[in-house]
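According to the UniProt record's numbering, the sequence shown holds residues 1 to 89 in order. Ideal Cβ placement from N, Cα and C applies to all residues, glycine included. Quick caveat: nothing in here was measured; it's all calculated off a predicted structure.
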Amino acid sequence: MAKATGIVRKLDDLGRVVVPIEIRRTMDLKATDPLEMLETDEGLLLRKYKPIDNNKFDVLEGLYGLGTHLEDEEQKKALKEAIEYIKKQ
């Protein structure tokens with residue numbers, strides 16, 4: 001669930017944006033921490049990057065492959081939800 005912070009920042013000429021210190025403290029972000037950018041229906045989601053482990057990658061790859069063979073919309077939806085859940089873990 002997203003929380004409104006009331007903080008607005010502009011992009012600079014190189015496309016950079018400063019993450020305010022309040023948010024960096026809340027999220028425990030350090031100067032060299034990698035951030036992951038995800039495009040959502042609402043806009044841009046920025047989160048601390050967590051590398052995916054190989055087992056998780058293999059499971060996700062198998063699920064993506066399974067999705068190409070499904071025709072039932074409810075099964076596709078359930079598979080998509082499962083993939084999203086695994087990606088968040």
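Beta-carbon proximity list for residue i, same chain, < 7 angstroms, skipping 5 on both sides
i, result
"L79", "L63, L66, G67, L70"
"M27", "K48"
Residues near residue i in its chain [Cβ-Cβ closer than 6 angstroms; skip 5 each side]
i, result
"P34", "Y49"
8 angstroms Cβ cutoff met for residue i and residue j
i, j, result
"I83", "L60", "yes"
"V17", "R9", "yes"
"residue 129", "L38", "One cannot answer for residue 129 here, as it falls past the ends of the chain, which runs 1 to 89."
Whole-Å CB distance - residue i paired with residue j, under 8 angstroms assumed
i, j, result
"K56", "I86", "7 angstroms"
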